[in-house]
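Line order of the protein sequences matches chains A and B.
Residue 0 is where the first sequence starts when you use numbering that gives the first Met the number 0, and the numbers rise one by one after that.
Residue 0 is where the second sequence starts when you use numbering that gives the first Met the number 0, and the numbers rise one by one after that.
C-beta atoms are modelled at their ideal positions from N, C-alpha and C, and glycine is treated no differently.
Presented below is the structure to which this report refers.
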Amino acid sequence: MFQRISTYLYLRPRLSLALLLLPPLVWFLVVYIGSLLSMLVNSFFYLDGFTGQVVRQFTLDTYAKLFIPTNVQILSRTLFMALAVTLGCIVLAFPLSYYMARIASPRMKTFLYLAVTLPLWSSYVVRVYSWKLILAQEGIISWFARLLHLDGVLNWYLSSPLLGGPSLGISLTGVFLVFVYIWLPYMILPIQTALERVPKSLIEASSDLGASPAQTFRNVILPLAFPGVVAGSIFTFSLTLGDFIVPSLFGNSSFFIGKAVLTYQGTSGNIPLAAAFTMGPIVIMIVYLLIARRLGAFDAL
Amino acid sequence: MSDQAAVEFQNVSRVFSMQHGSEAGAVKAVDNISLQIRDGEFFSLLGPSGSGKTTCLRMIAGFDRPTSGRILLGGKDVSDLPPYERDVNTVFQDYALFPHLTVGDNIAYGLMIKKTPKAERRKRVDEMLELVQLAGFADRKPAQLSGGQRQRVALARALINHPKVLLLDEPLGALDLKLRQQMQVELKAIQQRVGITFIFVTHDQEEALTMSDRIAVFSQGKIEQVGAPAEIYEHPATAFVAGFVGVSNLVSGEVAKRITGSEAMFSVRPEKIHLGATGGEDMFTANGKVRDVIYLGLYTRYLVELDGGGDLVVVEQNLKTTSMDVVKIKGQPVILSWKKEHIRKVGG
């Protein structure tokens, strides 16, 4: 019986392909694209301020609201945070990825691979809360600073109006640190994969042709690792753009996109404005990918 | 050509420490080698894989450093110089072309590093493309080229810097037979035109014999023999060389005594042996039985079992015989004969 089914399908490759792709396609079209579309549609409706009802009528008013100063500030604050987090992740991830891909012994590599992915096995919320303990006013960092008699420096830093706050646990710096911490694996793994795919002979060839290690890094390793950096930054960038938990736990009163969406949708029922807000990251990501393509990030794919 | 050796090995050894789980040991990849390669010479390092030839090449390039001994380039000790400070360039086995750069930028890489002005870079790249017969390919990416074309780009990229020595690490290994033979001729022609010392690593004895001015035969980290192709082929110094370069029949002991009157091991090339008796004072003869016949068109290979033990391979051209004729001989007793001068006494 099974053999007859196998033979039947083997002789009809198109049918097999259709059967294979049907479930993911249904999921993708209905659940994924469908919800995106319904969000897009909602963003063109508006909320009647008097009745509190969503009016299903085409308007650009909701998008216009996106551009009032407060909301522009939310968008740009989130954008800068995402950029900073991405840069922070690149700076931390690159050396480690390089070590894992090109220097570490196989055993060391396995260990580091586990060490990098292990945190992903435990709950995101638990890990984020553990940072509360690290950053809190009586937390590990301030305790350590006191031990080193550096509490003056810490307080001076916290008194800065933009990055500081009552404690590291309630400041933009805290938000930045926690973001870098939770998204770091998503940056390490793609860079490491990209670096691993660079054959050793290319590095030898560069050095053979007269390039110093620094020149080899700039002319060969970096360009070939670039697709990995872009892949990693797509993760860190988009995850930061949409996250609402970290800013609400560590942020001061300043809003981020995720928090704004949550507030508008959950608290005030303004689904159109929430949807319009969500279009922000999507547009930003599209622009980002276009720039990356311009820079040749996908040439090697 | 000057008297100064282009490359000189002085008692060079390279020991790799190996760690396989709990086992630790050391492998002597190159074992106390001394060697002089003359200026302007096409020199081949020939040997089976793991014989140390590639390690020698990598030590000249600077990718690897001797555990002991010295390596001199043009009389200067370079043992402690990194690759980018050595005046040698390499054509890699896998070509190692930079995938993100165009053919032109690949070839210009060395000049770009040296900050040569753009106009001159362009001019010299065009000259190089001309030399390797790839004019007009400057704007393609390596991925768009065939294996043979990539090989030429790798050659051009290495030659554009006018190195004192060009190192070639089995560069023809990945090409098919026709292309390989064509590239052998071309490589030799290019070498004569540019007048640079070529050091060529290969495990293919035919390739080494075709192209080289001199050959060093490697086995187990040591050099068995250094000499011109004809010398290596006609006068193999050791049993290993006799067996590795060309097909060789090695005879020793009781059977050897029966033929030559001495038990000492000797070698004789298959093409020197004649099927059938040829009288004369200057001939050796041996009796045997044809065990196998392989018809190969141009010639036929016979495997003859000698009386008293041991096999001899005999190759005869099919000048008058056809495939029908040669097969009939299978199983028949034969007399083999060859000129006394065609045997070589070989050491252990």
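Which partner residues of residue i appear in the DSSP bridge assignment?
i      : result
N88/B  : L165/B
Q35/B  : E7/B
W337/B : F283/B
Q224/B : V216/B
P332/B : K288/B
A25/B  : S16/B
N248/B : V267/B
I198/B : F42/B, L166/B
H273/B : S336/B
Q316/B : Y298/B
R343/B : S266/B
K75/B  : L72/B
E304/B : K288/B, D310/B
I293/B : R300/B
V53/A  : L46/A
S67/B  : S12/B
Please list the partners that residue i has in chain C, where partner means a Cβ-to-Cβ separation under 9 Å.
i      : result
S252/A : The chain inventory of the structure shown lacks chain C, comprising the protein chains A and B.
Is the distance from the Cβ of residue i to the Cβ of residue j below 8 Å?
i      : j      : result
I195/B : V164/B : yes
I202/A : T192/A : no
V29/B  : G51/B  : yes
L166/B : R179/B : no
F175/A : V90/A  : no
K327/B : D291/B : no
L46/A  : P271/A : yes
V244/B : T53/B  : no
N317/B : Y298/B : yes
K339/B : F265/B : no
A210/A : I112/B : yes
V219/A : F62/B  : no
L71/B  : E7/B   : yes
V190/A : A224/A : Inspection of the sequence shows that residue 190/A is occupied by Ile rather than by Val. It is a contact, given that the beta carbons lie within the stated cut-off.
V254/B : G309/B : yes
L157/A : G163/A : yes
S206/A : Y83/B  : yes
L34/B  : V225/B : yes
Name, please, each residue of chain A whose Cβ falls closer than 7 Å to the Cβ of residue i.
i      : result
I112/B : L208, G209, A210, Q214
Under 8 Å Cβ-Cβ, which residues of chain A neighbour residue i?
i      : result
G109/B : L208, G209
By the criterion of Cβ-Cβ separation under 8 Å, what are the contact partners of residue i in chain B?
i      : result
E203/A : A60, F62, P82, T89, F91, A95
P198/A : D93, A95
Residues of chain B with CB under 7 Å from residue i, in chain order?
i      : result
P222/A : H99
V219/A : F97
Quick test of your reading: residue i and residue j, contact by CB under 8 Å. State the CB separation rounded to the nearest angstrom.
i      : j      : result
P269/B : V313/B : 6 Å
A92/A  : I187/A : 4 Å
A303/A : G168/A : Because chain A here runs from 0 to 300, residue 303/A falls outside it and cannot be looked at.
E169/B : Q92/B  : 5 Å
I334/B : G275/B : 6 Å
V131/B : A155/B : 5 Å
N170/A : N251/A : It is worth fixing the name first, because residue 170/A is Ser in this sequence and not Asn. That belief holds up - the Cβ atoms of S170/A and N251/A are roughly 6 Å apart, short of 8 Å.
V152/B : L133/B : 7 Å
R123/B : I159/B : 6 Å
V303/B : L295/B : The pair is not a contact, with the Cβ atoms about 16 Å apart (cut-off 8 Å).
F236/A : Y287/A : 6 Å
L208/B : P228/B : 4 Å
Could you tell me which chain A residues have their CB closer than 9 Å to the CB of residue i, listed as they occur along the chain?
i      : result
N160/B : L208, G209
Exercise. Going along the stretch 36 to 66 of chain B in order, which residues come within less than 7 Å of chain A, judged by CB to CB distance?
Worked result: A60, F62
Exercise. Just by C-beta distance, which residues in the stretch 262 to 281 of chain B are closer than 9 Å to chain A?
Worked result: none
Exercise. At a Cβ cut of 9 Å, what residues of the stretch 90 to 101 of chain B count as close to chain A, listed as they run along the chain?
Worked result: F91, Q92, D93, Y94, A95, L96, F97, P98, H99, L100
For this session: Mind checking the stretch 226 to 247 of chain A against chain B and listing, in chain order, the residues whose C-beta falls within less than 9 Å of any C-beta there?
Result: none
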